[in-house]
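In this note's numbering, the protein residues as written are 364 to 656. Virtual Cβ for every residue (Gly too), placed ideally from N, Cα, C. Right, one structure below, let's go through it.
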């Protein structure tokens with residue numbers, strides 16, 4: 364029997380967290396972060412804050428440091444404070460029980476498709492360049508890796524995944540098919556579940572129905588734009604919908620999963636001052652609904 368699934372792991376209305384790392388998102392966290400990555404519900408997690416008795420009182424550090432860091436551990440003025448952070452449930456206990464039941468159904472379905480060949484049919488919303496960040500945060504560069512196709516929904520075998528999902532495309536595949544907005548594809552693929560996102564890989568046996576639009580990017584233009592790109596502190600909806608907005612993964616030095624950041628290939632540091640969506644609309648190069656103002 365055909366079933367319909369949504370990505371419950373990305374729902375923003377289930378949990379909130381007072382941890383300082385979530386302040387820029389207003390404390391909003393996804394169930395994937397709480398239940399899978401941190402596994403901190405309902406017990407919470409311990410946070411250790413490094414402190415300096417001299418800096419806290421406004422005195423200068425003997426070693427000329429301005430902030431407390433790893434080189435301060437042996438100093439007699441160093442100490443740390445321990446706090447317990449507790450994620451908060453934004454829905455009732457009865458609703459959460461129902462949510463966990465539906466989440467188990469989603470997990471079972473993912474177990475049946477992840478890592479296995481499936482039939483994929485979907486319509487492209489956009490195709491964007493995919494980058495990898497290298498270097499230190501102050502001198503960071505972005506290397507082109509492949510292309511990321513974005514779908515609003517997808518038919519997976521006989522089931523419907525009625526939520527945003529993605530497909531990784533090699534540069535050779537994109538150069539051959541020149542995928543763009545509105546194209547409908549039918550192919551074989553191998554899904555993965557990458558940090559809360561359903562991502563299709565290894566697309567083959569591809570059939571395409573042309574949507575009538577030219578690709579927004581080619582590799583040369585994407586690499587030139589990446590040279591002046593900036594990382595945004597927030598993930599504004601208008602930037603996620605814009606052709607210049609690209610999500611990039613950041614990993615910690617020990618290869619643990621880090622966070623996702625939003626990269627603006629237009630070099631606009633403040634989303635509220637950006638006029639690119641309006642400019643493209645006035646030029647008539649895109650449909651009005653492509654960009655959410």
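Between residue 448 and residue 390, the CB-CB gap reaches or exceeds 8 Å. Looking at the DSSP output, residue 493 sits in a beta bridge with 509. In the DSSP secondary-structure assignment, residue 610 is bridged to 625.
Bounds of the alpha helix (DSSP H) holding residue 457 are 456-476. The Cβ atoms of residue 592 and residue 505 sit closer than 8 Å to each other. In the structure shown, residue 587 falls within a helical segment according to DSSP collapsed to helix, strand and coil. Straight-line measurement puts the Cα of residue 404 at about 41 Å from the Cα of residue 546.
No Cβ-Cβ contact shorter than 8 Å links residue 609 with residue 595. When DSSP states are grouped into helix, strand and coil, residue 396 belongs to the helix group. Sequence-distant Cβ neighbours of residue 486 in its own chain, meaning closer than 6 Å and more than five residues away, are 547. Nearest to residue 482 by alpha-carbon distance, out of 384, 386, 459, 566, is 566. Going by beta carbons, residue 395 and residue 558 fall inside the 8 Å limit. Rounded to whole angstroms, the separation of the alpha carbons of residue 452 and residue 537 is 43 Å.
In the DSSP assignment, residue 601 falls within the unbroken alpha helix (DSSP H) covering 600-604.
With contacts defined as CB atoms closer than 8 Å, residue 489 and residue 544 qualify as a contacting pair.
For the 8 Å CB-CB criterion, residue 629 and residue 507 do not form a contact. Within 10 angstroms of the beta-carbon of residue 511 lie 16 or more other beta-carbons, which makes it buried.
Taking residue 369 as reference, the option from 641, 442, 413, 470 with the minimal CA-CA separation is 470. Under DSSP, residue 368 shares a beta bridge with 524. Listed as beta-bridge partners of residue 413 by DSSP are 443.
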